[in-house]
Amino acid sequence: MIGYILRRLAQSILVVLVVTIIVFILLHQLPGGAARAILGPRATALQVAQFNAANGYDQPLLVQYFRQLGEWFTGNFGFSIKLNQSVSSLLVQRLPKTIILSLLSLILTVIVAVPLGIYQAVRRNRSFDYIATGFSFIFYAAPTFFIGIIMIEVFSQNLGWFPPEAPQSNGIGPIFEQFDAMVLPIVTLALLSIAGFSRYMRSSVLDNIDQDYVRTAQAKGASPRRVLYHHVLRNALIPIITLLGLSLPALFAGALVTESIFNFPGMGLLFWQAAQSSDYPVELGVVIITAFATVAGNLLADVSLAVIDPRVKL
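Residue numbers for the sequence shown follow our numbering, so the first one is 1165 and each next one is one higher.
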């Protein structure tokens, strides 16, 4: 087990290094360079030269990369020109909110998708299975912004059940104090994942129902409920665990649009505003943090999979 974890950790570190190289290359592929992108097209040649000298962009690329790599790993992502604030402080303010939004939507996804997939597998090729499959395809194909707009129109404008805007106060406390304002963003983000997770769960349960160990348990007189929840469920959850780690990038992509629609002050809205104002240091900081979170999520999923499924260690 220890050897497996060390190998996966080494692979994760390598992936993070590759991501930093790609981000570094993209930074230097900006039109006119980073100086022109940050200072604007009206900056003079003298201003560009002074900016490059002050930030080390006049040094060799290899020297620049290792200097930038050291700054990234110490939490220094530069300074936001538009917001007049360090990128690190912006990430510290916004990251916990996005984590809470993504975590709550992920919990809702698992609570709904796992039982739904199991029930679809048990009642396969029946009316409920067809109806649930149809709704899954609809939500799986629907864009995030479309679902969010429908949620606001129906549950906020027409029915008046929930506010159309997420909590705007700083800190994590208002999220739970004004939780009714969080319902629509959480449900919007969760609906996209429920559609995919339920389909994976249904397929995984159907694959395990036909295995020899299920027939053996049935031959020993085990009840259908015991066979399903004691034998089948544990093995059927293995693909879902892997999917949880792989869902982090999709959750962030969905959070970017969801936070923009509901004006939720998280990392997604921060990235959206930075893209509109060409605030490249903020964009690069968000990309690096997202890459770290994605690699960490995949590593956690792999380790959890090795704990649950002994075949992985082989």
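Glycine is no exception: its CB is placed at the ideal position from the N, C-alpha and C atoms.
- Assignment of glutamine 1440 by DSSP, reduced to helix, strand and coil, places it in the helix class.
- With respect to the C-alpha of leucine 1226, the residue from Tyr1304, Ile1185, Ile1350 having the closest C-alpha is Ile1185.
- Note on leucine 1408: 16 or more other CB atoms within 10 angstroms of its CB, so buried under the neighbour-count rule.
- Residue environment: valine 1459 is assigned as buried (16 or more neighbouring CB atoms within 10 Å of its CB, all protein chains considered).
- Looking at the backbone, the Cα of isoleucine 1425 and that of glycine 1312 are separated by about 7 Å.
- Cβ neighbours of valine 1369 within its own chain (closer than 7 Å, five residues either side excluded): Gly1281, Ile1282, Ala1285, Val1396, Ala1400.
- Around the beta-carbon of glutamine 1375, fewer than 16 other beta-carbon atoms lie within 10 Å, marking it exposed.
- In the three-state reduction of the DSSP assignment, phenylalanine 1428 falls in the coil class, being assigned neither a helical nor a strand state.
- When the alpha-carbon of arginine 1366 is set against those of Lys1384, Arg1288, Asn1334, the nearest one is in Arg1288.
- When secondary structure is reduced to three states using DSSP, glutamine 1249 falls in the strand class.
- In the three-state scheme derived from DSSP, where H, G and I count as helix and E and B as strand, serine 1244 is classed as strand.
- For isoleucine 1264, same chain residues with a beta-carbon under 7 Å away, outside a window of 5 residues either side, are Ile1336, Ile1339 in chain order.
- Residue environment for proline 1307: exposed (fewer than 16 other C-beta atoms within 10 angstroms of its C-beta).
- With contacts defined as CB atoms closer than 8 Å, isoleucine 1405 and leucine 1259 fail to qualify as a contacting pair.
- Between glycine 1167 and glutamine 1175, the alpha-carbon positions lie close to 12 Å from each other.
- Cβ contact annotation for proline 1327 (same chain, cutoff 7 Å, sequence separation greater than five): Ser1320, Asp1344, Ala1345, in chain order.
- Rounded to the nearest whole angstrom, the C-alpha separation of leucine 1433 and glutamate 1447 is 11 Å.
- For leucine 1392, there is no enclosing alpha helix (DSSP H), as DSSP gives it neither H nor E.
- The shortest C-alpha to C-alpha distance from serine 1333 to any of Lys1261, Asp1371, Phe1301 is the one to Lys1261.
- Here DSSP, grouped into helix, strand and coil, assigns glycine 1324 to coil.
- With a beta-carbon spacing of about 7 Å, leucine 1254 and leucine 1247 fall inside the 8 Å limit used to define contacts.
- Taken through DSSP and simplified to helix, strand or coil, arginine 1206 comes out as coil.
- Here isoleucine 1358 is buried, its C-beta having at least 16 other C-beta atoms within 10 Å.
- Taken through DSSP and simplified to helix, strand or coil, tyrosine 1221 comes out as coil.
- If you draw a straight line from the Cα of glutamine 1223 to the Cα of aspartate 1466, it is about 40 Å long.
- For the options Asn1216, Gly1242, Leu1270, Gln1232, the alpha carbon positioned closest to that of proline 1349 is the one of Leu1270.
- Scanning its chain for C-beta atoms nearer than 8 Å, with the 5 sequence neighbours on each side dropped, one finds around phenylalanine 1303 the residues Ile1311, Leu1355, Leu1356, Ile1358, Ala1359, in chain order.
- Bounds of any alpha helix (DSSP H) do not take in glycine 1385, whose DSSP letter is neither H nor E.
- Going by DSSP, arginine 1366 is part of the alpha helix (DSSP H) stretching over 1347 to 1373.
- Separation of phenylalanine 1309 and threonine 1422 (C-alpha to C-alpha, rounded to the nearest whole angstrom) is 7 Å.
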